[in-house]
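Numbering (my numbering) for the sequence shown: 60 to 642.
Cβ atoms here follow ideal geometry from the backbone N, Cα and C, with glycine treated the same way.
Bear in mind the structure is a predicted one, so any value in this text is a computation, not a measurement.
Below: one structure, written as structure tokens.
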Amino acid sequence: MLRTHNCGELRIENLNDSVKLSGWVQKSRDLGGLTFVDLRDRYGITQLTFNMDENQQLCAQARELGREFVIQVEGTVIERSSKNDKMPTGNIEISVTKLTVLNASKTPPFTIENETDGGEELRMKYRYLDLRRNPVQEKLFLRHKLAKEVRNYLDGAAFIEVETPVLIKSTPEGARDFVVPSRMNEGQFYALPQSPQTFKQLLMVSGFDRYFQIVKCFRDEDLRADRQPEFTQIDCEMTFVEQEDILSTFEHMMRHLFKTVKSIDLKDFPRMDYADAMRLYGSDKPDIRFGMEFHELNDVTQNLGFKVFDEAELVVGICAKGCATYTRKQLDALTDFVKRPQVGAKGLVYAKMNEDGSIKSSVDKFYSEEQKQAWAEKFGAEKGDLILIISGNVNQSRSAMSELRLHLGAELGLRDKNTFAPVWVTDFPLLEWDEETKRFHAMHHPFTSPKVEDFDKLESAPGEVRANAYDMVINGVEVGGGSIRIHDRSTQEKMLSLLGFTVEEAKDQFGFLMDAFEYGAPPHGGIALGFDRMCALFGGSDSIRDYIAFPKNNSGRDVMIDAPAPISKEQLDELFLQTKPAK
Ligand code: ASP
């Protein structure tokens, strides 16, 4: 090795040891007679000293070192005269006797320190330099540790990791596919998997019983802050199970991860069905770190003369404890917040409970004191509380109120990133009506089984059928989701037909799966957890990008390697792809 020790391990116990270290020059300080260099590697920083009196030539050589030079030094561990108790190696330094420059470095485009002066775009272009910084490296160490504990846990529970193909066939459901042209099959394309869904089901048909894979998935979607075109899932499937078995297995896994990675003991995960999640939080991924649940107010606000409420499908409110002190300005800011196009409410009504127990609202013209007291009762509101009300169509007002609740929760400091509040959301609807295409889509995916008790509604009221589908939600983040699958041909055919597939299309797309179902397919189900999101959650960050070694930016570009990029005319020809005619 080019070193006897790394840059983070030498201590006072090593005094007088002869050592050899290699690393990067973080910075150097020239104090005339003495030159100090901070030598950095993945493990830490060790201070080097070069003494003019002892070796002039060596000292001169040290003065030439620039930031990020890669060097090797030999020397002796000595005690520091001024110790630094903030560094694990802060009691010692190396009195250098030999210096070798292993490689010079240009001055980096930003400082490679915990706090850097580099902007996002620049750091992404030089991601390999950004990755030299400690806080960034730590995020990938966390990722590694989580992956390792996932494997430990699942291996211990008899799951086996199986790789599934990356070049597969495009399917119309779900998001848009990334496609890869086939050189050997003119005019034909592979697709990159959005998930290994059908393959893992086939592995259950094959009798593997318990499968998992930490696997890249690809979705060609418009990107948001927490989305990447390629992302990683912990993909799992189990045979001879019911929903309860999956929930229990993966709740245990998550608790194992919190225990081993963060030393946090999580209690049993509460359960909430989809209908309640929507009714109480206006979201299928409720952040239950704090209460502030919705109350529906139709019965106490309608038909009393206020047209806006009278005409609304839903009048829904939340109660913010102790917020009656909000000023006009603060209330206006909340109103502006809910009226933003992304939130979409038409307005916001407030009611403050004064110290004397009376209520002052923004709609006092329409409601008597007694009528307003009836609202307060719904919430069990107390003196000093603030009630906020939104009205309109059910889905829109719920979603706007959910945004307002999260916004207020953050403003009031109720969304502490070191508190973890998991919840299972269950009983999702099987189908979702899409106004644009005027047809049903599978809410989870077309392989999800309907609840037996709702089977008779499949024809008569498909929108009301509930699925054996569940999501794991932590702090308002959908960490994962899965379902118990259909495992017989006729139900699968029926499902595909509900989704608007013709018999031919169904056979063409999913014939292989339905054929497999005819050869003794066992009951099975599974889940996939978003691994990047999980890492961000464990690391206390909102952005998954920080936890990916080489992420794409918001336009789906890798600005370091400059991809995507055009390909040559020869490549295009070989792939039977046309170039755009010259303009
Ligand atoms: N394949 C599903 C997904 O990617 C997860 C599952 O049902 O297991 O969302």
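With contacts defined by Cβ atoms closer than 8 Å, V524 and D343 do not form a contacting pair. With a contact defined as Cβ atoms closer than 8 Å, L373 and S265 miss out at about 49 Å.
No heavy atom of the ligand ASP is found nearer than 7 Å to the CB of H546. Inclusion of R126 and K86 in the CB contact set at 8 Å is warranted, their separation being smaller than that value. In this structure, R604 is the residue among G599, R604, F635 and F200 with its C-alpha nearest to the C-alpha of D285. Of the candidates P224, F299, T507 and M460, F299 places its Cα closest to the Cα of H583. Straight-line spacing of the CA atoms in P623 and M111 works out to 53 Å. Inclusion of L226 and Y249 in the CB contact set at 8 Å is warranted, their separation being smaller than that value. Taken through DSSP and simplified to helix, strand or coil, S417 comes out as coil.
Contact annotation: the region 469 to 478 does not touch the region 492 to 500, with fewer than three C-beta pairs closer than 8 Å. Taking each of L390, L596, S322 and E310 in turn and checking the Cα distance to S421, the smallest one comes out for L390. Of G451, D395, E289 and I151, the smallest CA-CA separation from G376 is found for G451. Of the other Cβ atoms in all chains shown, fewer than 16 fall within 10 Å of the Cβ of P581; this residue is therefore exposed.
Less than 8 Å separates the beta-carbon of N143 from that of G149. Secondary structure note for R464: its alpha helix (DSSP H) is the uninterrupted segment V453 to E470. Runs of the alpha helix (DSSP H) lying entirely within the region 346 to 427 and spanning at least 4 residues, in chain order: 357 to 360, 366 to 369 and 387 to 398. With a beta-carbon spacing of about 20 Å, A404 and A336 fall beyond the 8 Å limit used to define contacts. At a cut-off of 4 residues, the continuous stretches assigned as alpha helix (DSSP H) that sit fully inside the region 168 to 218 are 179 to 184, 186 to 189 and 193 to 215.
Uninterrupted alpha helix (DSSP H) stretches at least 4 residues long and entirely within the region 464 to 532 occur at 516 to 519, given in chain order. When DSSP reads this structure, P224 sits in no beta bridge, so it has no partner.
Annotated three-state conformation of A587 is strand, per DSSP. DSSP places S614 outside both helix and strand once states are collapsed to three, so it counts as coil. Closest option to G540, judged by alpha-carbon separation, among E512, H503 and L555: H503. For the ligand ASP, a non-hydrogen atom lies closer than 7 Å to the CB of Q292. As the crow flies, the alpha-carbon of T166 is around 12 Å from that of W83. Looking at the backbone, the Cα of S542 and that of F506 are separated by about 8 Å. The beta-carbon distance between T291 and P255, rounded to whole angstroms, is 12 Å. This is too long to meet the 8 Å contact definition. DSSP places N534 outside both helix and strand once states are collapsed to three, so it counts as coil. Only residues of its own chain outside the window of five on either side were considered, and among them S241 have a CB closer than 6 Å to the CB of Q247, listed in chain order. Assigned with DSSP and collapsed to three states, T135 falls in strand. In the three-state DSSP reduction, L93 falls in the strand class (E or B).
Under the DSSP assignment, I305 falls outside any beta strand (DSSP E), being part of the alpha helix (DSSP H) whose first and last residues are Q302 to K321. For C66, there is no enclosing beta strand (DSSP E), since its DSSP letter is neither H nor E. For S542, the distance from the CB to the nearest heavy atom of the ligand ASP is below 7 Å. If you compare the alpha carbons of Q253, D279, F514 and K198 with that of L596, the shortest gap goes to K198. Shown here, M331 sits in a strand according to DSSP, grouped into three states.
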